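What follows is a short report on a single structure.
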Ligand SMILES: NC(=O)c1ccc[n+]([C@@H]2O[C@H](COP(=O)([O-])OP(=O)(O)OC[C@H]3O[C@@H](n4cnc5c(N)ncnc54)[C@H](O)[C@@H]3O)[C@@H](O)[C@H]2O)c1
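In the working numbering, the protein residues as written are 14 to 264.
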């Protein structure tokens, strides 16, 4: 039984679909309405703003009332704002840290007693490729996602002995509203991805597959693991004038 945040669209919605297809029961939550066509006997829906501890208490209680237990929490909800550092203001910085990092922390604190009541479980925190390396326009977002990565490892150390595995996923270049708010058609959008070893953007389903793995017993020995799903973005960098570099198809 899994609780997924930020599940109305994008990666969160794909995780819900994947978990349901594997026969799991899922509580899908968001600040946005979760589309009714996703609903089934295996699925319930909660309004959950991850920055509000009261919402968390209610969502966990609703999950246990409806399904009797909680085995997996996916802290997926997140926001991004692109801005030069000179234009980054304190409000924007606090908002990003509040949703991406404090939201993750509140989720873990609310879920741990329920996971322990279930005899143990897993927590999956959505970090980012930008939680492993820096990116222009993203000082606040990178800080929040590096924070999620470090938080995950420290919490994994504490919760491993309590039979709760904590791991992070590091997506990069996944085609969702966050990455492509203008809805640019994929063939056009992917032209910018020649610099990725994969030579294309990724699908939310690619990240959902990683979440399904980390949630499963196949990942029983994965604790504090950071799993990149980024088309190779963080594998390294190309020396463009040396053999083996991709060619810029737009040049
Ligand atoms: N798309 C990518 O390439 C990419 C790359 C790296 C990391 N990520 C991370 O993956 C996660 C999902 O991203 P996505 O691309 O699906 O983005 P998205 O914008 O399509 O979906 C994010 C969801 O989170 C919800 N949300 C925002 N604030 C919330 C809050 N306070 N409480 C609850 N829900 C809230 C939104 O309503 C939305 O449904 C995010 O944490 C994001 O940072 C995405």
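Even glycine gets a Cβ: it sits at the ideal position worked out from N, Cα and C. The structure displayed is predicted, hence computed values, not measured ones.
So, helix, strand or coil for residue 113, using DSSP? Numbered from 1 along the chain shown, position 100 holds the residue referred to as residue 113. Correct three-state label for residue 113: helix.
Practice problem: Please determine if the region 166-174 and the region 217-225 are in contact, where contact requires at least 3 C-beta pairs separated by less than 8 Å. | Solution: no
task = Could you name the residues of the same chain whose beta carbon sits closer than 7 Å to that of residue 246, not counting the 5 residues immediately before and after it, in chain order?
result = As a working mapping, residue 246 is identified with position 233 in the chain shown. Excluding positions up to five away in sequence, the list reads 142, 185, 186, 209.
(message) Determine, for residue 225, whether the minimum Cβ-Cβ distance to residues of chain D falls below 8 Å.
(response) The structure shown contains no chain D, having only a single protein chain.
How is residue 19 classed by DSSP in three states: helix, strand or coil? Counted from its first residue, the chain shown places residue 19 at position 6. Coil at residue 19, not helix or strand.
Requested in this report: Using alpha carbons as the reference points, say which of 124, 228, 70, 96 lies closest to residue 36.
Outcome: As a first step, residue 36 is located in the chain shown; it is residue number 23 there, counting from the start. Among 124, 228, 70, 96, the Cα nearest to that of residue 36 is on 228.
Residue 94 and residue 115: beta carbons closer than 8 Å?
Indexing the chain shown from 1 puts residue 94 at position 81. Indexing the chain shown from 1 puts residue 115 at position 102. No.
* Through-space distance from residue 119 to residue 266, alpha-carbon basis -> Any answer about residue 266 is impossible in this case: the structure gives the chain only from 14 up to 264.
**Cβ-Cβ distance between residue 105 and residue 153 below 8 Å** = In the chain shown, the residue the question calls residue 105 occupies position 92. In the chain shown, the residue the question calls residue 153 occupies position 140. Yes, the pair counts as a contact, with Cβ atoms nearer than the cut-off.
field: Runs of beta strand (DSSP E) lying entirely within the region 141-184, each at least 3 residues, in chain order
entry: 177-184
Could you tell me whether the region 242-262 touches the region 193-212, where touching means 3 or more Cβ pairs closer than 8 Å?
yes
- Give the secondary structure of residue 247 by DSSP, where H, G and I count as helix, E and B as strand, and everything else as coil. Along the chain shown, one-based indexing puts residue 247 at 234. The answer is helix: DSSP assigns residue 247 an H, G or I state.
> Heavy atom of ligand 1 less than 7 Å from the Cβ of residue 112, yes or no?
Replying inline: As a working mapping, residue 112 is identified with position 99 in the chain shown. Result yes, Cβ under 7 Å from ligand 1.
Starting from residue 59, trace the beta strand (DSSP E) both ways and give me its first and last residue. The residue labelled residue 59 in the question sits at position 46 within the chain shown. First-last of the beta strand (DSSP E) with residue 59: 56-60.
* Do residue 224 and residue 82 have their C-beta atoms closer together than 8 Å? -> Locating residue 224 in the chain shown gives position 211, counting from the first residue. Locating residue 82 in the chain shown gives position 69, counting from the first residue. No, the pair does not count as a contact, with Cβ atoms beyond the cut-off.
Review point. Short check: CB of residue 28 to CB of residue 87, under 8 Å?
Key: Position 15 of the chain shown, counting from 1, holds the residue named residue 28. Position 74 of the chain shown, counting from 1, holds the residue named residue 87. Cβ distance < 8 Å, so residue 28 and residue 87 count as in contact.
request  = Taking residue 63 as the reference, give the member of 57, 72, 55 with the closest Cα.
outcome  = Looking up residue 63 in the chain shown gives position 50. Selected option, being the one with the closest Cα: 72.
- residue 223, enclosing alpha helix (DSSP H) - first and last residue: Residue numbering aside, residue 223 sits at position 210 when the chain shown is read from its first letter. From DSSP, the alpha helix (DSSP H) with residue 223 extends over 217-228.
Next on the checklist: Between residue 185 and ligand 1, is there a pair consisting of the residue's CB and a ligand heavy atom that are separated by less than 7 Å?
Outcome noted: Stepping through the chain shown from its first residue, residue 185 is reached at position 172. True, at least one ligand heavy atom lies under 7 Å from that Cβ.
Coil, strand or helix - residue 192 by DSSP: Within the chain shown, numbered from 1, the residue matching residue 192 stands at position 179. Of the three classes helix, strand and coil, the one that applies to residue 192 here is coil, per DSSP.
*Figure out for me which residue from 238, 261, 158 has the closest Cα to the Cα of residue 91.*
Here residue 91 refers to the residue found at position 78 when the chain shown is read from its first residue. The candidate whose alpha carbon is nearest that of residue 91 is 158.
Q. Going by Cα to Cα distance, which pick from 161, 128, 26 is closest to residue 175?
A. Residue numbering aside, residue 175 sits at position 162 when the chain shown is read from its first letter. Here the closest residue by C-alpha is 128.
Expressed to the nearest angstrom, what Euclidean distance is found between the alpha-carbon atoms of residue 198 and residue 40?
-> For the purposes of this step, residue 198 is taken as residue 185 along the chain shown, with counting starting at 1. For the purposes of this step, residue 40 is taken as residue 27 along the chain shown, with counting starting at 1. Taking the straight line from one Cα to the other gives about 31 Å.
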